[in-house]
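Before any comments, here is the structure.
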Amino acid sequence: MAGHSKWANIQHRKGRQDALRSKLFSKLSKEITVAAKMGDPDPEKNPRLRLAVKEAKSQSVPKDVIDRAIKKSQAGEGDDYEEIRYEGYGPSGVAVIVEAMTDNRNRTASTVRSTFSKNGGNLGETGSVGFMFDRKGEVVYTADAGDADTVFEAAIEAGAEDCESSDDGHIIYCADTDLNDVSNALEAALGESESTKLVWKPTTTTELDLEGMQKLMKLIDALEDDDDIQRVTANFEASDEVMEQL
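Counting with the working numbering, you get residues 36 to 281 for the letters of the sequence shown.
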């Protein structure tokens, strides 16, 4: 299994036990507020908002928190948030993309830069590592959604480009612009997904040993700890043995 899906599984395991769920909730709420601000406050008429609400529900964000986040957009909150992408290299030359949503560009840039340098990485220019990733839609289903053939057929029928199945579940990829339509078609065929979102999918990966993975996770944990950072993606590859030792 490729690095990005392994990392999703680490985050998933981490997320279930995470005492800091409120931090995750606030990041998901921020995305909902901004999505509602940029389009219609009705998720059925606003694909980005619909996906944000779906992702929040998959992380067990309560309905009242979701409703409150949408109402905030109508009250004028979310006006000053700016979406910024940072790119750089982590330990062992791993490419890292950091997606932020901030009301203070200078503060966030300073924090991201210092976090990279303190953890054996360095921040680069926009575009310095982006060419190593493709922007894709990603829909994740648990293993009990069906066997590999069934899910693959449903994915192709829905207009997806690729499907990776393993004991951990199924990861379906599509063009970023097709995510709303593909996820709706998959929902009709397979039921509610575990996760539906836009991702950066690595086209090339860097193999890491246990020490390299530990250093990379330290950097990513430090980045994710910042309230302005919405998502971090890295193009690592690691063996199952290394992943089990983390």
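Backbone N, C-alpha and C define an ideal beta-carbon position, used for all residues, glycine too.
Residue i burial status per 10 Å Cβ neighbour count (16 or more: buried)
i       : result
Pro-126 : buried
Thr-231 : buried
Phe-271 : buried
Asn-81  : buried
Thr-177 : exposed
Leu-281 : exposed
Glu-276 : exposed
Ser-57  : exposed
Arg-120 : exposed
Simplified DSSP assignment, three categories, for residue i
i       : result
Ser-57  : helix
Pro-82  : helix
Leu-158 : strand
Pro-237 : strand
Met-36  : Because the pLDDT of Met-36 is 33, which lies under 50, any placement of that residue in the model is unreliable, and the number read from its coordinates should be weighed accordingly. Three-state result, Met-36: coil.
Ser-201 : strand
Thr-268 : strand
Ser-93  : helix
Ser-127 : helix
Ser-274 : coil
Gly-247 : helix
Val-174 : strand
Val-133 : strand
Ser-108 : helix
Alpha-carbon spacing of residue i relative to residue j, whole angstroms
i       : j       : result
Leu-250 : Asn-154 : The question names Leu, but residue 250 is Lys in the sequence shown. For Lys-250 and Asn-154, the distance between alpha carbons rounds to 7 Å.
Glu-227 : Asp-261 : 30 Å
Asp-213 : Gly-194 : 8 Å
Gln-148 : Thr-137 : Checking the displayed sequence, the identity of residue 148 turns out to be Arg instead of Gln. Approximately 15 Å between the Cα atoms of the pair.
Leu-243 : Glu-259 : 20 Å
Residue from the options whose Cα sits closest to the Cα of residue i
i       : options                           : result
Lys-253 : Glu-79, Ala-110, Ser-152, Gln-109 : Ser-152
Lys-72  : Arg-103, Ala-189, Thr-150         : Arg-103
Pro-97  : Phe-60, Phe-168, Ser-201          : Phe-60
Ala-183 : Met-167, Ile-191, Ser-201         : Ser-201
Val-285 : Lys-65, Gln-109, Ala-110          : Shown here, the chain extends from 36 to 281; a query on residue 285 therefore has no answer.
Gln-109 : Val-267, Asp-77, Ala-224, Gly-162 : Asp-77
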